[in-house]
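Positions 34 to 479 (the numbering used here) are the ones given, in order, by the sequence shown. Ideal Cβ positions, reconstructed from N, Cα and C, are used throughout, including at glycine.
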Amino acid sequence: MFKPGQQVTVSVHSLTDKGDGIATLDGRPLYVEGGLPGEDVEVRLTLAKPRFFQGRLLRVLRAAPCRREDFCPHTACGGCQLRVMDYPAQLALKRSLVAEALQGQGLDCPVGQTLGMEDPFHYRNKAQYAVQPGPFIGFYAKHSHQLVEVDECRVQAPATAEVAQRVRGWMRRQAVAAYNEQNRQGCVRHLVVRNGVYSEEVMVVLVVAEEPSTEALEQLVAELQGVAGLASIQLNLNPREGNRILGDETRVLWGEPCISDRLGGLTFAISPLSFFQVNPRQTEVLYREALRQAELKGDEVVFDLYCGIGTIGLFMAAHAARVHGVEVVPEAIADARANAERNGLTNAVFHQGSAEDLVPGLYEAGIRADVVVVDPPRKGCDQALLDTLAAMGPPRLVYVSCNPKTLARDLAWLCQHGYRLEQVTPVDMFPHTMHVETVARLTREP
């Protein structure tokens with residue numbers, strides 16, 4: 034009988050989808066954070082349940098060839114699950130995750146090599162820090178609401194750490210209290226920092242439950258002036274209970290209401306509420322792969338479904354005759370139209386509503402898609418949309434996905450309803466994590 038506190042020696046054989054090592058003990062899985070496949074490890078049991086164990090890694094007795102020294106001192110942070118795995122092994126792992134998902138659905142299609150980064154650090158252009166009484170500024174520990182104070186993050190832009198340090202010092206000097214979730218008292222709840230990777234502009238958004246004094250805000254503006262590239266300081270009011278980070282009311286304290294950045298030669302304005310891909314350099318890699326698989330010659334009509342703020346559709350607009358973007362969120366459609374105008378793209382039109390409702394109307398109006406691009410959320414495509422695509426039968430489909438399991442499910446359904454899966458390519462948008470993006474191409478069976 035194994036109990037918490039016991040030390041055991043086990044062999045790790047695989048990883049969970051959260052990046053924890055999996056060993057077998059007494060016929061049950063034992064989950065070990067930090068263990069890698071192929072390793073013999075010494076573990077102290079922390080939890081014993083009828084169906085599984087959890088344990089804390091004490092010592093690696095036989096290391097996997099891909100093991101490397103942990104690059105992060107903030108080991109309790111749950112952000113980067115693959116810190117101790119070298120980068121080539123991460124790329125191979127992500128390819129295998131996609132291949133296994135396809136095989137699980139009975140799909141036989143070769144999976145290309147994962148398209149990775151030359152330098153897989155400092156790639157994130159957005160940091161959302163939690164703030165708690167202390168004041169402490171950082172990220173939440175894995176599977177908890179316990180804050181881990183972070184002085185430096187290797188995957189965030191370097192400016193974010195400096196902003197966090199300056200805001201922490203300002204709170205202490207001005208006696209501005211952090212928000213206390215238990216008694217719902219206090220002021221500062223979150224700190225959001227956005228960076229333009231190519232523009233090198235920095236936006237700081239202070240999220241508060243109640244507004245600080247005018248004098249304190251003036252001091253905040255003065256404190257942040259030394260941040261290189263600073264272009265915008267904004268105050269967001271969020272007095273509501275719950276986990277939502279940003280509230281509905283935002284005002285500019287200093288600088289511009291938006292910063293800008295580029296994707297594939299296009300310029301995009303980024304506000305505090307704008308959705309913009311977190312890793313712009315790899316977003317270009319992802320979109321170039323989608324464009325390659327679309328095989329546009331310049332005379333095609335492209336439907337961009339789940340288009341968001343229009344980034345994929347606008348990326349393809351220069352290579353197509355016409356792009357029709359469809360998105361259910363009104364604010365995203367407004368951003369997409371503004372982005373098209375900003376870049377002088379007159380052949381991109383954006384429609385607000387659900388794709389399953391709007392696409393049949395476009396077809397009835399005589400607008401036929403030569404290529405359809407879908408980029409759904411993690412849950413995959415709505416069944417109604419899949420039914421619509423099967424009924425309309427566009428010649429080519431390009432499916433961009435952030436979830437191999439729902440991707441494989443939807444691809445299998447499409448292959449049962451008139452399509453053939455031809456290409457699958459993983460793209461590493463989030464190095465050192467278990468997340469993987471994938472681009473897949475399907476063609477209509479004759």
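How far does the alpha helix (DSSP H) with residue i in it reach, from first residue to last?
i      : result
Lys159 : Note, Lys159: premise wrong, no alpha helix (DSSP H); beta strand (DSSP E) at 159-165.
Thr283 : Here Thr283 belongs to no alpha helix (DSSP H); instead the beta strand (DSSP E) covers 282-288.
Tyr120 : 120-137
Tyr320 : 313-327
Val254 : 247-257
Asp294 : Run containing Asp294: none in the alpha helix (DSSP H); it sits in the beta strand (DSSP E), 292-296.
Met425 : 416-425
Leu447 : 437-448
Any idea if residue i is buried or exposed, counting beta-carbon neighbours within 10 angstroms, 16 or more meaning buried?
i      : result
Gly341 : buried
Leu130 : buried
His176 : exposed
Gly394 : exposed
Val285 : exposed
Ser246 : exposed
Asn372 : buried
Val54  : According to the sequence shown, residue 54 is Gly rather than Val. The residue in question, Gly54, is buried, as its Cβ has 16 or more Cβ neighbours within 10 Å.
Glu470 : buried
Pro313 : buried
Pro83  : exposed
Ala367 : exposed
Pull up the CB-CB distance for residue i and residue j, whole angstroms please, since I reckon it's below 8 Å.
i      : j      : result
His465 : Val188 : 6 Å
Arg406 : Ala327 : The question names Arg, but residue 406 in the sequence shown is Val. About 7 Å; that satisfies the 8 Å criterion.
Ala482 : Leu224 : Any property of residue 482 remains undetermined from this structure, which presents the chain solely from 34 to 479.
Pro459 : Lys127 : 5 Å
Gln138 : Ala441 : 4 Å
Gly145 : Val457 : 7 Å
Val241 : Leu270 : 6 Å
Gln40  : Val76  : 7 Å
Ala365 : Phe309 : Incorrect: roughly 11 Å between the Cβ atoms, too far for contact.
What is the residue span of the beta strand (DSSP E) that residue i lies within?
i      : result
Thr476 : 470-477
Pro459 : 452-460
Val18  : Here the chain has residues from 34 to 479 only, and residue 18 is not among them.
Gly68  : Counting along the chain, Gly68 falls outside any beta strand (DSSP E), and DSSP gives it neither H nor E.
Val221 : 221-228
Gly491 : The structure shown does not extend to residue 491, since the chain is modelled only from 34 through 479, so no value can be given for it.
Ala302 : 299-303
Thr57  : 54-58
Arg205 : Element bounds for Arg205: not the beta strand (DSSP E) but the alpha helix (DSSP H), 191-207.
What separation, rounded to the nearest whole angstrom, lies between the Cα atoms of residue i and residue j?
i      : j      : result
Ala208 : Gln252 : 12 Å
Thr42  : Arg101 : 21 Å
Leu296 : Asp59  : 52 Å
Gly68  : Leu447 : 37 Å
Gln87  : Thr57  : 11 Å
Asn436 : Val235 : 30 Å
Asn380 : Ala354 : 7 Å
Arg453 : Gln161 : 41 Å
His357 : Gly171 : 41 Å
Pro305 : Ala423 : 38 Å
Asp141 : Met34  : 43 Å
Leu299 : Phe348 : 8 Å
Met462 : Gln123 : 12 Å
Leu475 : Gly52  : 30 Å
Val238 : Leu268 : 6 Å
Phe336 : Cys414 : 15 Å
Q: Entirely within the stretch 337-412 and at least 4 residues each: give me those alpha helix (DSSP H) ranges in chain order.
A: Those alpha helix (DSSP H) runs which fall completely within the stretch 337-412 and span 4+ residues are 344-350, 363-375, 388-397.
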